[in-house]
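Residue numbers for the sequence shown follow the numbering used here, so the first one is 1 and each next one is one higher. All C-beta atoms, glycine included, are put in the ideal place defined by N, C-alpha and C. Taking it in order: structure first as structure tokens, then the write-up.
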Amino acid sequence: MNLAEILEQHKAFDTGGLLAALAEIEQISINAGEEVKKASCAYYDNADLKAAAIKGRIAMLNKRRDEYQKEIDALKKPLVSATVDGDKAELDRIKARMKELEADKAQAMTEIEMLQSAYVTGDAELYEAIMAKNDHYQETLSLYRAARELVHELAREKEEAFKTIREETGGLYHGRYVQDFEKLYGHYHAEERAKADAAWTEKEAERKAAKEKEPRDLRTNVYKVAGHLESLHDDELDEAPQVADGNVRVRDALTRVLR
């Protein structure tokens with residue numbers, strides 16, 4: 001298998017299909033998790049209905065207890081009258097009724113205490129359904145994690161393999177080759193470069209000699225300086241009186257020289 005065939009084989013590796021397969025396994029786990037959530041909602045809804053029924057019963061018992069107490073309080077006046085009048089029959093009737101009301105009130109209060117201290121849960125069947133669905137969810141989650149780790153391991157292997165290729169082939173073109181080539185070029189063309197350098201040196205010497213021979217026109221330079229001083233603006237001289245006074249004296253001296 002040549003290099004082109006090997007490269008084509010690696011290009012044909014379907015990462016999209018691999019990711020799709022992994023996503024499908026993940027979706028199975030997500031669906032299983034949703035089933036656990038639904039079962040949990042059913043359990044708590046059932047528990048809430050029971051709690052609401054108990055709450056309603058307690059409210060009704062509290063109302064009855066208050067009614068019993070009102071009837072007991074209402075017997076106070078007849079009890080006093082029967083006692084004062086010595087009406088034994090009426091007194092026995094009131095006492096019997098009071099005993100009944102006290103018993104009913106005590107029973108209501110006991111029932112209220114029992115209901116208030118009760119632990120309300122959902123049905124056992126609903127609880128067991130949650131546990132079973134959660135076991136299934138945990139299985140699908142473990143499968144997804146295992147599949148994901150396999151894919152990640154494959155990705156790491158691919159990455160490490162191509163990293164090795166880059167490291168082992170990265171130094172194919174190095175600086176020494178380029179440096180040796182420049183040295184060879186300079187060595188081969190040394191004579192031409194020496195002639196070019198000599199010609200440049202000769203021209204430079206001739207230019208300097210010609211410059212030394214040029215006459216120096218003092219009057220021309222003096223005129224330039226005097227003209228510059230003459231062109232100074234009045235506002236510049238006003239801002240610096242001392243400098244202005246010096247410039248005037250220099251200009252007058254140069255004028256005398258020119259005469």
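Going by C-alpha to C-alpha distance, which of the options sits closest to residue i?
i, options, result
"Ile-28", "Ala-82, Arg-145 and Asp-66", "Arg-145"
"Lys-50", "Glu-159, Leu-115 and Lys-37", "Leu-115"
"Lys-37", "Met-131, Arg-166, Arg-193 and Glu-149", "Met-131"
"Ile-72", "His-136, Lys-208, Ala-89 and Lys-95", "Lys-95"
"Val-120", "Tyr-137, Glu-168 and Ala-53", "Ala-53"
"Ala-147", "Val-80, Thr-164, Ile-25 and Glu-100", "Ile-25"
"Ala-59", "Glu-157, Glu-160, Glu-113 and Lys-163", "Glu-113"
"Gln-138", "Val-80, Ile-30, Gly-16 and Ala-209", "Ile-30"
"Arg-93", "Ala-103, Asp-85, Val-84 and Pro-78", "Pro-78"
"Ala-118", "Gln-69, Glu-160, Lys-203 and Arg-57", "Arg-57"
"Met-98", "Gln-69, Ala-42 and Ser-81", "Gln-69"
"Ala-270", "Val-151, Glu-206 and His-187", "Lying before the first or after the last residue shown, residue 270 is absent from the chain, which here runs from 1 to 259."
"Cys-41", "Thr-140, Lys-88 and Gly-122", "Gly-122"
"Leu-91", "Ala-103, Lys-76, Asp-104 and Glu-102", "Lys-76"
"Glu-102", "Ala-74, Val-80 and Asp-85", "Ala-74"
"Ala-39", "Lys-163, Glu-157, Gly-86 and Asn-134", "Asn-134"
Got a sec, what are the start and stop residues for the alpha helix (DSSP H) residue i sits in?
i, result
"Ala-118", "Where Ala-118 is concerned, there is no enclosing alpha helix (DSSP H), given that its DSSP letter is neither H nor E."
"Gly-16", "15-74"
Indicate the three-state DSSP secondary structure (helix, strand or coil) for residue i in the structure shown.
i, result
"Asp-87", "coil"
"His-187", "helix"
"Glu-128", "helix"
Taking only beta-carbon positions, decide if residue i is within less than 7 Å of chain B.
i, result
"Glu-167", "Among the protein chains of the structure shown there is no chain B, as only one such chain exists."
Between the segment 105-121 and the segment 60-76, do at least 3 Cβ pairs fall closer than 8 Å?
-> The segment 60-76 and the segment 105-121 touch, with three or more beta-carbon pairs separated by less than 8 Å.
Quick one: any contact between the segment 113-128 and the segment 45-61, if contact means 3 or more CB pairs under 8 Å?
-> Yes, they touch.
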